[in-house]
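Please read the structure below before turning to the comments.
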Amino acid sequence: MKSTFLKAGGAVAVAAVIVIGWHVRPLAAPPWTDAEINVLRSLSLASLPELPPDPSNAVADNPDAAAFGERLFFDPRLSANGGISCATCHQPVRHFTDGLPKGQAIGTSKRNTPSIVGSAYSPWLYWDGRRDSQWAQALSPLEDPNEHGSSRLEVVAVVAGDEAYRASYEALFGEFGNISGDDPVALNTAFANVGKAIAAFERTLLPAASRFDDYVAALNTGDVKEQETLFSDDEVQGLRLFIGKANCTQCHNGPLFTNNEFHNTGVLSSPGELPDKGRAIGVREVLADPFNCFGDYSDDPKRQCAELTFVRTGPELIGAVRTPSLRNVEMTSPYMQKGQVATLAEVLRHYNEAPDAMIGHNEAKPLALGTRERRQLETFLKTLTAADAVRQFDSM
Amino acid sequence: MIMERIAVRFFLGFVLSTFLWEAAVAHGGVVQEDDLCVIKVNYLRAHFKIYQPRVSGHEQFCEDLPAASESVFIMEYQHDALKSMPIDFRIIRDVTGKGRFARMEDVEQLGDLDGVTVFYQPAMIEPDVFTVMHEFAEEGEFIGIVSATQLDTRKVYAAVFPFEVGFTGVGYWPFFIAVLVLLQLQYLLMSGRLKGWIKRRSPGVAAGILLCALLIAPVAADEGGLRVSYSTPAGPPEINRIHSWILHLESAEGMPVENATIEVSGGMPEHDHGLPTQPRVTEELGNGDYRLDGMRFHMRGYWEITLTVGTAEGASVIVIPLQL
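First to last, the protein sequences are chains F and Y. Be aware that the first sequence starts at 1, since it is given in this note's numbering, and climbs by one per residue. Be aware that the second sequence starts at 1001, since it is given in this note's numbering, and climbs by one per residue.
Here's what the structure looks like:
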């Protein structure tokens, strides 16, 4: 009898030691290897290359165009009801997202509002990549009946009818042609120019440095004390998982934490909707878009268009959507293309399970991460939070 | 003992012939093959699955559905012909009285289906994957009818599959499983494969090992006497940057190979995906050099670039391994 008590007591004591030890054991992070430090540097904003040129937009880097585009971006007159601007969904205070599962404008838009910050680096715009430049993208919501609900005729009329806008426009692009609608090419040209001015503004929106970037800077200088001040043990462990066991950098790589490519990760369909076919449809749309890089309204006389020329088609694209940036991910919930997933914890649970995709093939593999590891990953992701987007021409 | 065996065989033969007769008259339906649920629209096949994402998450169903809820029906084509055929999809309440044994003939006898139709998706051409959604208002027995039209001959192929929504009992499943197990046993016994398999097992293992060894033999970039090298003028390949390669083709004797056709594919074998772009050889530069444009890699890791090179001597396949 006594020995049974002793055994039971012993077992409880051992269990208690294990449980307590698990939670309080010192997590002296082993130092990063050179290879790991290289990966961390590749993720830091310090590695962000120069803005890639956009030869399809002659005013892409013109500060006057950016200033004009900024006014257009915030102007609700470019909508059917006079109440919707680009900033209705792309809210600067929310890192140019809206905090909703799907954008709410005149109606409900098709997908979750993605951030604009850093989008100049992406060869493709939208979750399904159905546009191939920032300016071609900027045109599309203006005519979407659920978003601005306007038309190119009305948009161009608002710009031509406003004295200040007209002056800005003509200084950049010359006089308006016949924009009455009788001459579709002249109207489309003016409409495309509106998009090019908005794109010139959007192009200036770049992410600000986060605590993660400071940590990499401290790694570069070898300042251990600074490293310890900046990152907790859990954050270090989370980062280690991020670049290692959790396979995150397969897609979330580079200083913007995205490869801007299309992947199927088996996210469940949104309530009341069929599963999203994603890039399979998007690739057809971008090839058919009259405002694409090959089109008549591109300013690139050589029509180089490498991305569009060598664009991939095929069944791998079924259900695939573009990898979003993880910068400020904590502040841009809900997640996924339809905002189906409310919290980062749920996102991590999803990737941990990697269930079969409803349509197409889930590229992700189950990760077998424990609760604690997922929590560490989440803690690390929050170190990517930064101040509001940096306007590149402010610092110039 | 012998009598028993004969009796079992007789029973199985009877079941088998009934089953075959059923299959012969049916136009098509949903069947479970190995681990895959398959819909057969006449000879056209598609992987068939149903989801109830709101109540069952990622769980897949083949026919019967646990609840009256939002249900997504998916057909992933196994025949490319289906990609360009108009397909319509109808769900009717089962009023045939045949339940699980309802067939096309029974549906045809109903005449006008509109009165019993709970969902109808008019014919549409879906080049990628066929998906429809219906929210069942009530539990019960239903019949799904899929028809695909061949555009040139106007021939219509159909599949009929009875199913239950909100089924609670085990239904006919144990019976079907028993029949399937018996059929398989019958097949194995009659064909002598079971014995043969046991007999062949030891040499089979050896053959398997040999085959594996052949498959994993290192594939270098010099098959068929052809040697390939490449350079990247814009510096070493970086991820997420579109760039060009210069390929150099040489014969086994070191002579440049000209006028070759080169097709390019590739991907990450460990991740089951291809290249993010469709690169092409755009220019022959002379001296066995070819310009390959549109290369881009979107992940670090192990990549393979597969070149199919056609020359006057024939075609060869060359795999270039690449660690990024």
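For each residue, glycine too, the CB sits at the ideal point set by N, CA and C.
| Check | Outcome |
| --- | --- |
| V1257(Y), buried or exposed, once every other Cβ within 10 Å from all chains shown has been counted against 16 | buried |
| Cβ contact (3+ pairs, closer than 8 angstroms) linking the segment 202-214 of chain F and the segment 174-183 of chain F | no |
| Alpha-carbon spacing of S1231(Y) relative to R1300(Y), whole angstroms | 19 angstroms |
| Beta-carbon gap between E346(F) and T385(F) smaller than 9 angstroms | no |
| Three-pair Cβ contact test at 8 angstroms for the segment 1235-1247 of chain Y versus the segment 1276-1289 of chain Y | yes |
| Straight-line gap, G103(F) to V1118(Y) (C-alpha atoms, nearest Å) | 32 angstroms |
| Continuous alpha helix (DSSP H) assignments of at least 4 residues falling wholly in the segment 283-361 of chain F | 306-309, 344-353 |
| Within chain A, the residues that I1242(Y) reaches when beta carbons sit closer than 9 angstroms | Absence of chain A from the displayed structure is noted, the protein chains being F and Y. |
| Beta-carbon proximity check, M1104(Y) vs V1160(Y), cutoff 9 angstroms | yes |
| Cutoff 9 angstroms: Q237(F) Cβ touching any chain Y Cβ | no |
| Beta-carbon proximity check, F257(F) vs R1280(Y), cutoff 9 angstroms | no |
| I243(F): first and last residue of the uninterrupted alpha helix (DSSP H) it sits in | 233-243 |
| Presumed contact (8 angstroms Cβ cut-off) between A389(F) and G360(F), rounded CB distance | With 8 angstroms as the limit, A389(F) and G360(F) do not qualify as a contact, their Cβ atoms being about 33 angstroms apart. |
| Paired residues, beta bridge with W32(F) - DSSP | DSSP output for W32(F) lists no bridge partner at all. |
| Residue nearest to N38(F) in terms of C-alpha spacing, selected from G99(F), D54(F), T97(F), A217(F) | A217(F) |
| Beta-carbon proximity check, G370(F) vs H1058(Y), cutoff 9 angstroms | no |
| Per-residue contacts from T1131(Y) into chain F (C-beta, under 7 angstroms) | L274, P275, I359 |
| Cβ-based burial, E307(F) [other Cβ within 10 Å; buried from 16] | buried |
| Per DSSP, the bridge partner or partners of G1141(Y) | The question names Gly, but residue 1141(Y) is Glu in the sequence shown. Answer is E1164(Y), bridged to E1141(Y). |
| Beta-carbon gap between L317(F) and V283(F) smaller than 9 angstroms | yes |
| First and last residue of the uninterrupted alpha helix (DSSP H) at R94(F) | Per DSSP, R94(F) belongs to no alpha helix (DSSP H) and is neither H nor E. |
| Inter-residue spacing [alpha-carbon to alpha-carbon] between Y1290(Y) and S140(F) | 39 angstroms |
| C-beta neighbour in chain F for I1125(Y), strict 9 angstroms | no |
| DSSP state of L219(F) mapped onto helix, strand, coil | helix |
| Residues sharing a beta bridge with R1227(Y), DSSP | E1250(Y) |
| Under 9 angstroms between C-beta atoms of A342(F) and Y335(F) | yes |
| Within chain F, the residues that H1058(Y) reaches when beta carbons sit closer than 9 angstroms | G266, L268, E353, P355, D356, A357, M358 |
| CB contact below 9 angstroms: P26(F) versus chain Y | In this prediction, P26(F) scores a pLDDT of 49, lower than 50, which makes its location untrustworthy; the coordinate-derived value is nonetheless stated afterwards. For P26(F), the answer is no, since every Cβ of chain Y falls outside 9 angstroms of its Cβ. |
| C-alpha gap between E70(F) and E202(F), whole angstroms | 8 angstroms |
| Cutoff 9 angstroms: F280(F) Cβ touching any chain Y Cβ | Per the sequence shown, residue 280(F) should be read as Ala rather than Phe. It does: the Cβ of A280(F) has a partner Cβ on chain Y nearer than 9 angstroms. |
| Minimum Cβ-Cβ distance from T383(F) to chain Y less than 9 angstroms | no |
| Interface residues of the segment 1268-1280 of chain Y facing chain F [CB-CB below 8 angstroms] | H1271, D1272, H1273, G1274, L1275, P1276, T1277, Q1278, P1279, R1280 |
| Distance between R1054(Y) and P76(F) (C-alpha atoms, nearest Å) | 37 angstroms |
| Straight-line gap, T88(F) to P101(F) (C-alpha atoms, nearest Å) | 14 angstroms |
| Start-to-end residues for the beta strand (DSSP E) that takes in R1093(Y) | 1087-1093 |
| Backbone CA spacing between K382(F) and S269(F) [nearest angstrom] | 27 angstroms |
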